[in-house]
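What follows is a single structure, written as structure tokens, with notes after it.
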Amino acid sequence: MGLAHPELHFDSPAIVFGGPYGNLEATRALLDEAARLGIPPQRIVCTGDVVAYGADAAATVDLVRAAGIHVVMGNCEESLASAAADCGCGYVPGSACDRLAAAWFAHADRELGADARAWMAQLPRRIDLVIAGARLVVVHGAIDRINRFIFATTAAAIKADELARSQADGVIAGHCGLPFTQVVAGRLWHNAGAVGMPANDGTARVWFSLLTPRDGGIAVAHRALEYDYAAAAAKMRRAGLPEDYAAALETGLWPSCDVLPFKEIRERGVPLEPGAVFWQLPTAGAAARRRSVACKQLWPDPARDSVARLPREKFVDPRVTAAGEPRAEVALQRLRTLWFNTGTLCNIACRNCYIESSPKNDRLVYIDRAEVAAYLDEIERDGWDTEEIGFTGGEPFMNPHLFAIVEECLTRGFRVLVLTNAMRPMQRAKAKLLDLKRRLGERLTIRVSLDHFTAERHEDERGPGTYQPTLDGLIWLARNGVNVAVAGRTMWGENEAAERDGYARLFAQHEIPIDAHDPETLVLFPEMDARADVDEIADGAWVTHGKSPSDMMCATSRMVVKRKGADQPAVLACTLIPYDAQFELGPTLKDAARPVPLNHPHCARFCVIGGALCSAG
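In our numbering, each number is its position in the sequence shown, counted from 1, plus 107.
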């Protein structure tokens, strides 16, 4: 059976590069470097997007065509060849990248003639490269989706699925603009980076790869390329193209991280170092014997990031800061909300879960109705004036006692807030939820954790296949008249107004009655990394941060947990710090009424600086 795509056989070193992006100077430098290395055009492969941000769309196409190198179709070629209205890059509508793309795409559209577009139209969407006995599939984004962003931190399961679709030993892809090499269940995933734009590493260098066949595998060298970036940037300015991208050629920093996963955002500005790795061809049947998808990053160092680490001397003494100042503390002014952790077991394991919930973590066990009722009795007996009972996890709907507990709280007249990912555990309980809503639903709110309005960023945190079930659960709740709210994340550093606008579009599309611009119905939580440096909060720093002790969660709330093996539950100062012994205040609400020193990074990052609250308002 004949192949529907070109097949190249290399028994000598070959160059792979991506994204010329209309940057004539960088593309010429790449071809000059290939000549210096003795690599002929027949052994040079480009992963597409010959045209994009740069000033020289037509000239770069002419140069690439004249060179006689191999090129796979990128989304820019696809769009320009078909006279599409935009670049087809896959940017979120209204994002910074989307707005900037309109300018450079219009410039390229004006520059290119019919002949260039005809050349783009005939480019293959896939090239098979056979080298050292391995078959590597070269595509622009992914096997079946030309504009799919696949980064180093994209889930191994997604890469494994793409590799399975390729029916090859490895995939060489472009599109994301960042170079990396990984081994996924024994097979190769490689991205050479781009030559038309720096790799967001704070240097003006651009990247390509040299693949050399060896006995038993392939040597992969990630190489940096110097070129006249000043000339390329000057051309962009003269052409009236966005200053943001002209400056990026000089600074090595992208103007927006809209498309990047959380980890790649944290790598921004950290210089890449050239490196060489060796990929050993998998033995026959090795992948089939693996029960899980193992992913090993060969290059760059997966530990690199730009995050300043928290000095060891910070958050040590509950009375004073590392600078010797009296530490801020918060008195319990009123127990407005009492939280219960229903248990840390969860149907999923998020990348950055503050409580480390997972299908295996049972450090906090299921709490039951009698244990909750004892605290409700204490509230009523001692006149705590509590309005709201909150339930968090883990996934609360995995607790078999949840409905009995919630009904107990509602029957006693409390407002109830249940946090959930709205996936299978909740959806299995639809009949019970509808019955509860019919009888007592006026005071019940379900807050759904939808970390982002896009599937890509939600799943960056929660894993492949989690977005649609969560959205489906939210839609079901809304259509059945259950009071709903949503919790999102700000961990990607987006503009808050733009993020809320994105949620608003999603809610409107699905007729979900949530005001995305109301911080009580769409709660956006900052990222919490206890390893990252943050200012300690001294007693005199309230004015500096524009806050007061009464703004803090621990001024109006506490959380009850039951630890594995414990005889009884305990009351904690905060929902966010379940494992730090200094925040366990005692077995009763009376014991837990004492002031709380802000002696944890989360106190500063989440509450004081982040200004976030877990309660409904």
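Just so you know, even glycine gets a beta-carbon here, dropped at the ideal spot from N, CA and C.
Remember, it's a predicted structure, so these values are computed and weren't measured experimentally.
Exercise for the section: Pair every Cβ in the stretch 125-142 with every Cβ in the stretch 155-162, then say whether three or more of these pairs are closer than 8 angstroms. Expected result: The way I'd put it, the stretch 125-142 does touch the stretch 155-162; three or more beta-carbon pairs between them come closer than 8 angstroms.
Practice task
May I ask you to report which of helix, strand or coil DSSP gives Arg665?
Solution key: Arg665 carries a strand assignment under DSSP once its states are collapsed to helix, strand and coil.
Practice task
Put Asp625 into one of helix, strand or coil per three-state DSSP.
Solution key: Per DSSP, reduced to three states, the secondary structure at Asp625 is coil, with no helix or strand assignment.
Handout entry: Secondary structure of Ser657, DSSP reduced to three states
Key = Secondary structure at Ser657: helix, using DSSP grouped into helix, strand and coil.
Problem - Cβ-based burial, Ser189 [other Cβ within 10 Å; buried from 16] - result: When all chains shown are included, Ser189 counts as exposed.
Handout entry: CB of Ile146 within 9 angstroms of CB of Pro120, strictly
Key = The answer is yes: Cβ separation under 9 angstroms.
Exercise for the section: Out of Asn459, Phe521, Ala511 and Met505, point me to the one whose CA is closest to Gln534's CA. Expected result: Of Asn459, Phe521, Ala511 and Met505, the residue nearest in Cα terms is Met505.
Handout entry: Residues of its chain near Ala355, where Cβ-Cβ distance is below 7 angstroms and the 5 sequence neighbours each way are ignored
Key = Hits under 7 angstroms: Met304, Pro305, Trp361 and Pro362.
Exercise for the section: Enumerate in chain order the residues of its own chain whose CB-to-CB distance from Asn706 is below 7 angstroms, with the five nearest sequence positions on each side excluded. Expected result: Same-chain partners within the cutoff: Phe422, Pro425, Arg434 and Gln689.
Practice task
Please list the segments of the alpha helix (DSSP H) lying wholly inside the stretch 222-282, counting only runs of 4 or more residues, in order along the chain.
Solution key: Positions of the alpha helix (DSSP H) runs, each at least 4 residues long and wholly inside the stretch 222-282, are given as 263-273 in order along the chain.
Exercise for the section: Could you check which residue in Ile265, Thr428 and Ala165 has the C-alpha nearest to that of Glu566? Expected result: When each option's Cα is compared against that of Glu566, the closest is Ile265.
Practice task
Spell out a yes or no on whether the stretch 269-278 and the stretch 288-295 are touching, meaning 3 or more CB-CB pairs, one atom from each, closer than 8 angstroms.
Solution key: The stretch 269-278 vs the stretch 288-295: in contact.
Handout entry: Spatial distance of Pro694 from Ile621 (CA atoms)
Key = Straight across, the Cα-Cα distance linking Pro694 with Ile621 is about 37 angstroms.
Exercise for the section: Compare the Cα-Cα distances from Val290 to each of His282, Glu514, Thr310 and Ala259 and report the closest residue. Expected result: Considering only alpha carbons, the answer is Ala259.
Practice task
Let me know the secondary structure DSSP gives Cys728 once reduced to three states.
Solution key: Since the displayed the chain opens at 108 and closes at 724, residue 728 lies outside it and no answer follows.
Handout entry: N-terminal and C-terminal residue of the beta strand (DSSP E) that Gln289 is part of
Key = Secondary structure note for Gln289: its beta strand (DSSP E) is the uninterrupted segment Phe287 to Val291.
Practice task
Just mark Arg233 as buried or exposed, buried being the case when its beta carbon has 16 or more other beta carbons within 10 Å.
Solution key: Buried: at least 16 other Cβ atoms inside 10 Å.
Problem - Cα-Cα separation between Met108 and Asp235, rounded to whole angstroms - result: Summary for Met108: the model assigns pLDDT 33, below 50, so the residue's position carries little reliability, and this model does not support an answer.
Practice task
Quick one: grab the DSSP three-state call for Gln404.
Solution key: The answer is strand: DSSP assigns Gln404 an E or B state.
Problem - Anticipated Cβ contact below 8 angstroms, Gly181 with Ala301, distance rounded - result: That pair is no contact at about 10 angstroms.
Problem - Span separating the alpha-carbon of Arg791 from that of Ala191 - result: Nothing about residue 791 can be reported from this structure: the residues present for the chain run from 108 to 724 only.
Practice task
Rank Phe560, Arg531, Gly588 and Ile176 by C-alpha distance to the C-alpha of Arg546 and give the top, closest one.
Solution key: The option with the nearest alpha carbon to Arg546 is Gly588.
Practice task
Determine the contact status of Arg441 and Asp412, defining contact as a CB-CB distance below 9 angstroms.
Solution key: No.
Handout entry: One or two residues paired with Glu495 in a DSSP bridge
Key = Looking at the DSSP assignment, Glu495 forms a beta bridge with Thr444 and Arg522.
Exercise for the section: Quick one: give me the first and last residue of the beta strand (DSSP E) that Arg434 is part of. Expected result: Element bounds for Arg434: n/a, residue is neither H nor E.
Handout entry: Neighbour-count burial assignment, Phe385, 16 or more Cβ in a 10 Å radius
Key = Around the beta carbon of Phe385, fewer than 16 other beta carbons sit within 10 angstroms, so the residue counts as exposed.
Problem - Gly580 - containing beta strand (DSSP E), residue span - result: Run containing Gly580: none in the beta strand (DSSP E); it sits in the alpha helix (DSSP H), Tyr574 to Arg586.
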